[in-house]
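K.L.:
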Amino acid sequence: MEEIFSNDIPLTVSELTREIKISLESQFTPIAVTGEISSFKRAYPSGHCYFSLKDANAQISCNLWKTRYQHLKFEPKEGMTVIVRGRISVYEPRGSYAIDVASMSEAGIGDFQIAYQKLKARLFAEGLFNESNKKPLPEFPVNIAIITSESGAVIEDFKRVAENRYPLFTLYLFPVTVQGKGSAESVCRAIASANKYKVKFDIIILARGGGSPEDLWTFNEESVARAIFASEIPIVSAIGHEIDYPISDFVADMRAPTPSAAAEMILPDRNELLESLKQSKAVIRNSVTGIIQEYKEFLNNTEKNYVFKRPKDMMNEFKLRLDEKYEKLGREVSDRIKKLKEGLEYTGSILEKIGPDATLRRGYTI
Amino acid sequence: MVKKKEEENSFEYSYRRIGEIVDELESSIEEKSLEEIISAYQEGLTLLKICREKLEEAELKIEKINSQF
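Line by line, the protein sequences give chains A and B. Going by my numbering, the first sequence opens with residue 7, and the numbers climb by one from there. Going by my numbering, the second sequence opens with residue 599, and the numbers climb by one from there.
(1) Closest to Glu248(A) by CA distance: which of Gly216(A), Asn311(A), Phe256(A), His54(A) is it?
(2) Spatial neighbours of Ile105(A) within its chain, please: CB distance less than 8 Å, with the 5 preceding and 5 following residues excluded, ordered by chain position.
(3) Any idea which residues DSSP pairs Arg48(A) with across the strands?
(4) Excluding five sequence neighbours on each side, which residues of the same chain lie with their C-beta closer than 8 Å to the C-beta of Glu234(A)?
(5) I'd like to check one pair, Leu643(B) with Ile298(A): are the Cβ atoms closer than 8 Å?
(6) Whose Cβ in chain B lies nearer than 7 Å to the Cβ of Val289(A)?
(7) If contact means a Cβ-Cβ distance below 8 Å, which residues of the stretch 655-667 of chain B contact chain A?
(8) Measuring CB atoms only, is the stretch 225-232 of chain A touching the stretch 183-199 of chain A, in the sense that at least three cross pairs come out at less than 8 Å?
(9) Less than 6 Å between C-beta atoms, sequence neighbours within five positions excluded: which residues of the same chain meet that for Leu179(A)?
(10) Going by DSSP in three states, Val242(A) sits in which element: helix, strand or coil?
(11) Is Leu273(A) close to chain B? Criterion is C-beta to C-beta, closer than 8 Å.
(12) Hey, how far is the Cα of Glu162(A) from the Cα of Pro265(A)?
(13) Can you list, in chain order, the residues of its chain whose CB lies under 6 Å from that of Gly41(A), leaving out five sequence neighbours each side?
(14) Answer with yes or no whether the minimum CB distance from Ser608(B) to chain D is below 8 Å.
(15) Which residues of chain A have a Cβ atom closer than 7 Å to the Cβ of Ile635(B), listed in chain order?
(16) Considering just the uninterrupted stretch of the alpha helix (DSSP H) at Asn149(A), what are its terminal residues?
(17) State the Cα-Cα distance for the pair Val600(B) and Ile150(A), rounded to the nearest angstrom.
(18) Residues bridged to Leu87(A) by DSSP?
(19) To the nearest angstrom, report how far apart Ala127(A) and Ser45(A) are at their CA atoms.
(20) If we define contact as Cβ-Cβ less than 8 Å, is Val148(A) a contact residue for chain B?
(21) What residue range does the alpha helix (DSSP H) around Ala196(A) cover?
(22) Output the distance between the C-alpha atoms of Arg367(A) and Leu328(A), rounded to the nearest integer angstrom.
(23) Which ranges does the alpha helix (DSSP H) cover as unbroken runs of at least 4 residues, wholly within the stretch 107-141 of chain A, from first to last along the chain?
(24) Report the three-state DSSP secondary structure of Ser631(B) (helix, strand or coil).
(25) Would you call Pro173(A) buried or exposed, if buried means 16 or more other Cβ atoms sit within 10 Å of its Cβ?
(26) I'd like to know if the stretch 298-308 of chain A and the stretch 275-288 of chain A are in contact, where contact means that at least 3 CB-CB pairs between them fall below 8 Å.
(27) At what residues does the beta strand (DSSP E) containing Gln65(A) begin and finish?
(28) Starting from Ile660(B), trace the beta strand (DSSP E) both ways and give me its first and last residue.
(29) Determine the DSSP secondary structure at Lys79(A), reduced to helix, strand or coil.
(30) Select from Ala159(A), Ala121(A), Arg232(A) the residue whose C-alpha is nearest the C-alpha of Ala190(A).
(31) Which bits of chain B does Leu143(A) rub up against, with CB to CB less than 8 Å?
(32) Check each residue of the stretch 165-183 of chain A: if its Cβ is closer than 9 Å to any Cβ of chain B, include it; give the result in chain order.
(33) Mark Tyr50(A) as exposed unless 16 or more other C-beta atoms lie within 10 angstroms of its C-beta, in which case mark it buried.
(34) Buried or exposed for Ser293(A), please, with buried defined as at least 16 other CB atoms from any protein chain shown within 10 angstroms of its CB.
(35) Give the straight-line distance between the Cα atoms of Lys647(B) and Glu606(B), rounded to the nearest whole angstrom.
(36) Please list, in chain order, the chain B residues whose beta carbon lies closer than 9 Å to that of Tyr301(A).
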């Protein structure tokens with residue numbers, strides 16, 4: 007070793023890495039190490055598993071090959087404290103080192119998990135998760151505040167869903183640091199400012215994209231939980247992926263599994279609204295044309311009604327009666343004339359018989 | 599007064615008012631005069647047009663709050 011480092015002729019990267027590999031791999035084998043599982047990933051289709059083992063101050067990568075994974079007596083999960091047995095292996099192409107896991111056993115729940123469970127139980131007991139404290143969300147929000155990182159994909163995803171779904175509101179971005187030192191304070195300040203802002207917000211969305219449990223830790227902080235609880239404006243917690251349930255999800259008025267899901271949950275759907283408007287239009291049209299049709303029919307029927315035809319009928323009746331009277335009158339007049347005529351004729355014949363003319367014609371006999 | 603005007607210009611106001619008109623026309627049209635029905639019809643169609651235009655033409659507005667909050 008000594009002579010390699012003191013040599014004036016430089017080593018190639020490969021040569022140095024080779025030496026490190028030999029040195030590390032021979033010195034740290036076999037080893038047993040305890041720590042908390044973090045960022046556990048199972049690669050497909052290979053079936054190999056990769057994760058980090060960590061404690062408060064350090065972490066180390068671990069490779070768990072498929073065949074060894076299959077021999078485990080438990081399912082490794084985030085936050086679990088485990089005891090790993092294996093050896094250190096250096097991967098030269100990347101110059102990285104990791105524990106090549108030979109076997110692994112459970113050592114109880116990790117510190118992070120314990121802290122999470124404890125805080126959750128305490129806040130629950132205090133009533134911070136009570137359904138009765140949850141504020142309803144408005145159906146048609148006009149002003150929405152989103153508290154998130156200004157550089158992440160979250161804001162872009164949210165905007166995209168909102169633009170497609172219901173772009174009828176103003177989105178106010180409160181940029182914050184969403185992980186690491188000072189992030190909890192930054193989120194708390196943003197929640198307080200949004201509550202005091204000159205525009206009255208209908209909803210506050212607390213959003214952060216996916217990450218390891220440590221990355222999401224800000225949203226497990228007690229101060230953040232209390233800031234959410236104190237908010238007068240309803241808050242939607244949209245942190246990480248579906249599988250993540252930070253404390254903020256329980257205190258918030260609504261939990262959304264992901265930030266884009268939050269947009270879908272709080273915004274009405276433009277297409278559904280247009281469809282419902284179409285139906286309303288049909289109802290309004292039909293009921294009014296229906297009633298107008300009814301009025302028309304009523305008018306038509308009324309026109310045909312007997313009462314409205316009556317004057318004509320009455321006239322006709324009068325005419326008929328007049329005709330009858332006229333006829334009767336005519337008959338009576340001519341009867342009278344006839345009778346007078348007959349009477350006259352009779353008187354005439356008598357006069358004729360007894361008159362001087364007739365006597366003369368009969369001849370006088372003296 | 600300004601506040602009220604603002605509310606009446608909102609999508610929500612128009613959308614809810616359409617719902618009310620539909621309910622009125624569906625449930626109690628017999629009790630209404632022809633004038634009332636026609637005025638409801640005209641109001642309904644005007645609001646429908648406003649709502650449709652809002653939905654079809656709206657663009658998301660975004661404002662970034664100064665990080666000094």
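Every residue, glycine too, gets a C-beta built ideally from N, C-alpha and C. Since the structure is predicted, the reported quantities are computational estimates derived from the model, not experimental observations.
P.N.:
If we stick to the structure as given:
(1) Gly216(A)
(2) Correct list, in chain order: Ile37, Val39, Leu59, Ile66, Ser67, Cys68, Asn69, Val90, Gly92, Arg93, Ile94, Ser95.
(3) Cys55(A)
(4) For the sequence presented, residue 234(A) should be read as Ile rather than Glu. Closer than 8 Å at the Cβ level, and outside the excluded window around Ile234(A), lie Ile197, Leu212, Ile241, Ser243, Ser254, Val257, Ala258.
(5) Inclusion of Ile298(A) and Leu643(B) in the CB contact set at 8 Å is not warranted, their separation being larger than that value.
(6) Val620, Leu623, Glu624
(7) Ala656, Glu657, Leu658, Lys659, Ile660, Glu661, Lys662, Ile663, Ser665, Phe667
(8) Yes: at least three Cβ pairs fall under 8 Å.
(9) Ile152
(10) strand
(11) no
(12) The alpha-carbon atoms of Glu162(A) and Pro265(A) are separated by roughly 10 Å.
(13) So the qualifying residues of the chain are Leu59, Lys60, Asp61.
(14) Any reference to chain D falls outside this structure, whose protein chains are A and B.
(15) Under the 7 Å cutoff, chain A gives Val294, Ile297.
(16) That residue, Asn149(A), is in no alpha helix (DSSP H); its beta strand (DSSP E) goes 149-154.
(17) At Val600(B) the pLDDT is 46, less than 50, meaning the model places this residue with poor confidence and gives no usable figure here.
(18) Note on residue identity: the sequence assigns Thr, not Leu, to residue 87(A). Looking at the DSSP assignment, Thr87(A) forms a beta bridge with Glu42(A).
(19) Answer to the nearest angstrom: the Cα atoms are 25 Å apart.
(20) It does: the Cβ of Val148(A) has a partner Cβ on chain B nearer than 8 Å.
(21) 189-202
(22) 55 Å
(23) If only uninterrupted alpha helix (DSSP H) runs of at least 4 residues are considered, those enclosed by the stretch 107-141 of chain A are 117-132.
(24) coil
(25) buried
(26) no
(27) 65-70
(28) Ile660(B): member of the beta strand (DSSP E) spanning 659-662, first to last residue.
(29) Lys79(A): coil per DSSP, three-state reduction.
(30) Arg232(A)
(31) Going along chain B, no residue has its Cβ under 8 Å from Leu143(A), so there is no contact; the nearest lies around 13 Å.
(32) Lys165, Ala168, Glu169, Tyr172, Pro173, Leu174, Phe175, Thr176, Leu177, Tyr178, Leu179, Phe180, Pro181, Val182
(33) exposed
(34) buried
(35) 15 Å
(36) Leu632
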